[in-house]
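Note that the sequence shown covers residues 33 to 588 in this note's numbering.
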Amino acid sequence: MSDALKYVDKRGDYWGYLPEQVVDLKNFFEILTSLYGLPEISEELVIFFKENIGDVRLRLTNDSLKLIRKHKPHEFQEINFDNDEYSASISLRDAENFIRILDKLNFSKGLFSIGQKLTFSDKTSIFRIRLNSEFGDFFQIKSLIDDQPHLDALIYVLEKLNIIPWTNEEYNEYINKTWKNKEKESLINENGSLNSKIKNLLIKYEYSSSSSKFLFEESIQGLVRIKSNDYSDLERIFKKITNEELVSEQPINYSNAFTISASIIIPLYKNIPLIVQCLNSICRQDLTPKQFKAIEVIIVDDGSPSLDNEFVLQESKKRLEDKGVDVLFLRHSKNKGRSFARNVGAKAARNQVLIFIDSDICLDINFIKETLVRHQFIENIALVSFKENINLFDLSSAVGKPDFKKDFRYSIFPKRDWVGLYPVMEQNEVRCLEATDNFKSFGFGKILGPYDLPCMVVTHNLSINKSHFIKIGGFEEQFGVKWGYEDTLFGACLIAIGIYIVPLLSTGVFHMETESERINEVRERKISELHETVNIYNKIIHQKGYLYAFEKLRQK
Numbered sequence: 033m034s035d036a037l038k039y040v041d042k043r044g045d046y047w048g049y050l051p052e053q054v055v056d057l058k059n060f061f062e063i064l065t066s067l068y069g070l071p072e073i074s075e076e077l078v079i080f081f082k083e084n085i086g087d088v089r090l091r092l093t094n095d096s097l098k099l100i101r102k103h104k105p106h107e108f109q110e111i112n113f114d115n116d117e118y119s120a121s122i123s124l125r126d127a128e129n130f131i132r133i134l135d136k137l138n139f140s141k142g143l144f145s146i147g148q149k150l151t152f153s154d155k156t157s158i159f160r161i162r163l164n165s166e167f168g169d170f171f172q173i174k175s176l177i178d179d180q181p182h183l184d185a186l187i188y189v190l191e192k193l194n195i196i197p198w199t200n201e202e203y204n205e206y207i208n209k210t211w212k213n214k215e216k217e218s219l220i221n222e223n224g225s226l227n228s229k230i231k232n233l234l235i236k237y238e239y240s241s242s243s244s245k246f247l248f249e250e251s252i253q254g255l256v257r258i259k260s261n262d263y264s265d266l267e268r269i270f271k272k273i274t275n276e277e278l279v280s281e282q283p284i285n286y287s288n289a290f291t292i293s294a295s296i297i298i299p300l301y302k303n304i305p306l307i308v309q310c311l312n313s314i315c316r317q318d319l320t321p322k323q324f325k326a327i328e329v330i331i332v333d334d335g336s337p338s339l340d341n342e343f344v345l346q347e348s349k350k351r352l353e354d355k356g357v358d359v360l361f362l363r364h365s366k367n368k369g370r371s372f373a374r375n376v377g378a379k380a381a382r383n384q385v386l387i388f389i390d391s392d393i394c395l396d397i398n399f400i401k402e403t404l405v406r407h408q409f410i411e412n413i414a415l416v417s418f419k420e421n422i423n424l425f426d427l428s429s430a431v432g433k434p435d436f437k438k439d440f441r442y443s444i445f446p447k448r449d450w451v452g453l454y455p456v457m458e459q460n461e462v463r464c465l466e467a468t469d470n471f472k473s474f475g476f477g478k479i480l481g482p483y484d485l486p487c488m489v490v491t492h493n494l495s496i497n498k499s500h501f502i503k504i505g506g507f508e509e510q511f512g513v514k515w516g517y518e519d520t521l522f523g524a525c526l527i528a529i530g531i532y533i534v535p536l537l538s539t540g541v542f543h544m545e546t547e548s549e550r551i552n553e554v555r556e557r558k559i560s561e562l563h564e565t566v567n568i569y570n571k572i573i574h575q576k577g578y579l580y581a582f583e584k585l586r587q588k
């Protein structure tokens with residue numbers, strides 16, 4: 033190994049292909065995790081140019097646009113602007129203007145590569161992996177401290193992983209071969225618009241000038257119609273890291289589990305017996321003591337006139353706290369509806385992932401683990417699990433994993449008097465999950481029976497990254513205390529900013545039905561409210577610049 037290292041840059045910045053003999057990378061990633069801990073994962077666009085001044089590349093990530101010039105001969109370093117002005121970072125706010133300037137400076141065409149970047153790091157070194165790029169899967173390992181002991185530590189990592197970096201000659205050959213064999217793309221289209229790959233990432237990461245204008249001019253529905261939900265690339269990267277399927281009916285068997293933290297947000301109105309069972313199901317989760325400590329539960333009482341038997345709730349709260357779970361109880365005097373309560377809870381949340389559930393939900397024993405292992409590695413997803421209805425007074429039936437085939441998103445026969453976004457033309461069975469390959473072909477505004485993709489987002493259980501909640505401004509509170517479609521609108525907003533809706537089939541929830549829910553009077557009230565909430569939804573979904581308004585507030 034050391035013979036190979038002597039040919040490369042002595043600053044401690046090495047590159048190379050991942051070993052071709054590795055069919056799956058589970059063991060490879062487990063070694064990296066044992067050395068560094070779990071990685072940060074992000075999507076990255078790199079545009080390569082070749083000029084007589086040397087190789088130039090433009091790297092777009094979720095926090096900046098970076099221009100890098102690697103002078104000849106190729107050296108494995110990114111020299112800071114303060115030294116010889118070979119690299120510079122540009123804020124995403126200025127990204128589009130900078131790209132247009134590059135185009136005018138004859139950097140008009142380059143090689144585009146979009147892939148996933150995994151960053152393992154500690155205080156002394158960084159190990160990066162690029163997966164699914166146009167140029168294959170390759171690695172970079174870099175020392176953060178320039179001395180011999182730390183360079184020796186890099187050699188130890190390379191030997192433990194059994195990987196050999198390129199020599200300078202191999203790197204030059206790789207660059208030249210890649211440049212000749214790949215088709216170049218324009219940064220700016222003939223009509224003056226930004227290349228769609230750049231534009232879509234800027235919209236996803238941070239709104240640039242044109243994407244802000246685009247959001248201002250476009251409605252949520254307009255954005256939903258141009259968004260794919262094909263998360264196949266995310267499936268591949270999840271498989272490489274964990275050797276597990278992103279979407280599967282089988283529970284995950286990933287040995288490293290998760291280290292990410294989550295806040296579980298539960299709106300409450302009146303019914304103590306239900307939420308006690310809900311909290312007990314959280315207490316029964318199959319988690320280690322350390323993982324329980326990474327969870328907080330936020331209960332938001334939505335103006336209940338009185339909470340009879342509140343001492344029972346306090347007992348459940350104490351059982352969770354004994355497990356190491358932080359429990360926060362928030363109460364406001366007026367009933368303002370589920371959207372308001374969820375927003376209050378989300379704003380108080382301290383953790384990275386938000387899990388929304390209802391107070392009448394019992395979680396499968398593996399629910400939190402199955403949810404957070406996926407969020408650990410895949411950022412831009414919303415996970416929706418399915419429910420099975422049970423009688424509150426027959427909780428003995430809530431054993432094992434809920435049957436996801438009992439959920440309407442698996443199968444339903446909608447009636448002609450259906451109250452929803454789209455009319456029922458024929459009374460046929462609708463199988464959304466099966467007909468869309470687990471929602472992957474449910475993008476671009478596709479309608480199936482009376483449903484579209486936003487209808488698949490239901491907040492009796494839903495998990496997202498908190499940053500995405502902030503970006504879309506939370507739940508719309510115009511729905512008030514009326515029933516229905518506030519979660520559908522929330523889903524549409526997530527889709528509009530590029531979040532993939534992914535079904536979570538390896539776990540699920542039980543919905544505890546009470547006798548009151550079975551009474552016709554209650555059902556008729558809900559149907560009456562649905563007419564109103566559908567109108568609210570349709571008004572907002574077609575409103576120009578709805579998301580842009582939240583972006584402007586976020587900038588202040």
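All C-beta atoms, glycine included, are put in the ideal place defined by N, C-alpha and C.
### Message
Strictly by DSSP, which residues pair up with Glu75?
### Response
Translated into positions along the sequence shown, residue 75 becomes position 43. Partner(s): Gln148.
### Query
Which whole-angstrom value describes the C-beta separation of Leu50 and Ile195, a residue pair presumed to lie in contact below a C-beta threshold of 8 Å?
Against the sequence shown, residue 50 aligns to sequence position 18. Against the sequence shown, residue 195 aligns to sequence position 163. Contact holds; Cβ gap of about 7 Å.
### alpha helix (DSSP H) segments (min. 4 residues) lying fully within the segment 159-207
180-193
### Query
Do the CB positions of Trp47 and Phe167 come within less than 8 Å of each other?
Stepping through the sequence shown from its first residue, residue 47 is reached at position 15. Stepping through the sequence shown from its first residue, residue 167 is reached at position 135. For Trp47 and Phe167, no; Cβs fall outside 8 Å.
### Task
Measuring alpha carbon to alpha carbon, tell me which of Leu319, Asn221, Leu360 ends up nearest Gly142.
Counted from its first residue, the sequence shown places residue 142 at position 110. Considering only alpha carbons, the answer is Asn221.
### Query
When DSSP labels each residue in this structure, what does Asp95 get in the three-state scheme?
Locating residue 95 in the sequence shown gives position 63, counting from the first residue. In the structure shown, Asp95 sits in coil (DSSP, three-state: anything other than H, G, I, E or B).
#### Entry: Contact set for Thr520: own chain, Cβ-Cβ below 6 Å, skip 5 residues either direction
For the purposes of this step, residue 520 is identified with residue 488 of the sequence shown, where counting begins at 1. Here the set comprises Pro486, Cys487.
### Query
Run through DSSP, which three-state label would Met457 get?
Residue 457 sits at position 425 when you count from the first residue of the sequence shown. Of the three classes helix, strand and coil, the one that applies to Met457 here is coil, per DSSP.
### Message
Tell me the rounded alpha-carbon separation between Thr65 and Gln172.
### Response
As a first step, residue 65 must be located in the sequence shown, where it is residue number 33. As a first step, residue 172 must be located in the sequence shown, where it is residue number 140. Thr65 and Gln172: Cα-Cα distance of roughly 16 Å.
### Message
Quick check: what's the CA-CA separation for Asn367 versus Gly477?
### Response
Looking up residue 367 in the sequence shown gives position 335. Looking up residue 477 in the sequence shown gives position 445. The straight-line gap from Cα to Cα measures roughly 34 Å.
### Message
What residue range does the beta strand (DSSP E) around Ala120 cover?
### Response
Reading the sequence shown from its first residue, position 88 is the one you call residue 120. Ala120 -> beta strand (DSSP E) spans 119-122.
#### Entry: Separation of Glu545 from Phe440, as counted between CA atoms
To locate residue 440, count along the sequence shown from 1; it is residue 408. To locate residue 545, count along the sequence shown from 1; it is residue 513. Distance between the alpha carbons of Phe440 and Glu545: 16 Å.
### Query
Do Ile252 and Ile502 have their C-beta atoms within less than 8 Å of each other?
For this step, residue 252 is matched to residue 220 along the sequence shown. For this step, residue 502 is matched to residue 470 along the sequence shown. Result no, Cβ atoms of Ile252 and Ile502 do not sit closer than 8 Å.
### Query
In angstroms, rounded to a whole number, what distance separates the CA positions of Ile230 and Gly69?
For the purposes of this step, residue 230 is identified with residue 198 of the sequence shown, where counting begins at 1. For the purposes of this step, residue 69 is identified with residue 37 of the sequence shown, where counting begins at 1. Using only the alpha carbons, I get a separation of about 31 Å.
### Query
Should Leu453 and Cys464 be called a contact, given that it needs their Cβ atoms to be closer than 8 Å?
Counted from its first residue, the sequence shown places residue 453 at position 421. Counted from its first residue, the sequence shown places residue 464 at position 432. No, these two residues do not count as a Cβ contact at 8 Å.
### Query
DSSP puts Leu345 in a beta bridge; with which residues?
By 1-based counting over the sequence shown, the position of residue 345 is 313. For Leu345, which the question treats as bridged, DSSP gives no partner whatsoever.
### Query
Should Leu395 go down as buried or exposed, given a rule of 16 or more other Cβ atoms within 10 Å for buried?
For the purposes of this step, residue 395 is taken as the residue at position 363 of the sequence shown. Buried is the call here.
### Query
Nearest CA to the CA of Ile400: which residue from Ser336, Phe324, His364, Val534?
Position 368 of the sequence shown, counted from the first residue, corresponds to residue 400. Ile400 has its Cα closest to that of Phe324, out of Ser336, Phe324, His364, Val534.
### Query
Which residue from Phe60, Lys498, Asn213 puts its Cα closest to that of Asn383?
For this step, residue 383 is matched to residue 351 along the sequence shown. Ranking Phe60, Lys498, Asn213 by Cα distance to Asn383 puts Lys498 first.
### Query
With a Cβ-Cβ cutoff of 8 Å, do His182 and Ser153 count as a contact?
If you number the sequence shown from 1, residue 182 lands on position 150. If you number the sequence shown from 1, residue 153 lands on position 121. The answer is no: Cβ separation not under 8 Å.
### Task
Could you tell me how far apart the beta carbons of Tyr532 and Asn223 are, in whole angstroms, since I believe they sit closer than 8 Å?
Residue 532 sits at position 500 when you count from the first residue of the sequence shown. Residue 223 sits at position 191 when you count from the first residue of the sequence shown. In fact, because the Cβ distance is near 29 Å, the residues do not count as touching under 8 Å.
### Task
Tell me whether Phe471 sits in a helix, a strand or coil according to DSSP, three-state version.
Locating residue 471 in the sequence shown gives position 439, where the first residue counts as 1. Residue state, collapsed to three classes: coil.
### Query
Would you say the beta carbon of Glu250 comes nearer than 7 Å to a heavy atom of the ligand FAD?
This structure simply doesn't include the ligand FAD, nor any ligand for that matter.
### Task
Could you tell me the boundaries of the alpha helix (DSSP H) in which Thr403 lies?
Counted from its first residue, the sequence shown places residue 403 at position 371. Residues 399-409.
### Message
Taking the alpha carbon of Ser264 as the reference point, which residue from Lys272, Lys438, Arg257 has its own alpha carbon closest?
### Response
Within the sequence shown, the letter at position 232 stands for residue 264. Cα-wise, what sits closest to Ser264 is Lys272.
### Query
Would you say Glu202 and Arg370 are within 8 Å of each other, going by their C-beta atoms?
The residue given as residue 202 occupies position 170 in the sequence shown. The residue given as residue 370 occupies position 338 in the sequence shown. No, these two residues do not count as a Cβ contact at 8 Å.
### Which listed residue (Asn421, Val405, Ile444) has its alpha carbon closest to that of Glu276
Taking the first residue of the sequence shown as position 1, residue 276 is located at position 244. Minimum Cα distance to Glu276 is reached at Val405.
### Task
Report the option in Arg257, Asp358, Leu186 whose CA atom is closest to the CA atom of Phe473.
Counted from its first residue, the sequence shown places residue 473 at position 441. Residue identity differs from the one stated: residue 473 is Ser in this sequence, not Phe. Closest option to Ser473, Cα to Cα, is Arg257.
### Message
Rounded to the nearest angstrom, what separates Pro482 and Val329 at their Cα positions?
### Response
Taking the sequence shown and counting its residues from 1, one reaches residue 482 at position 450. Taking the sequence shown and counting its residues from 1, one reaches residue 329 at position 297. About 35 Å.
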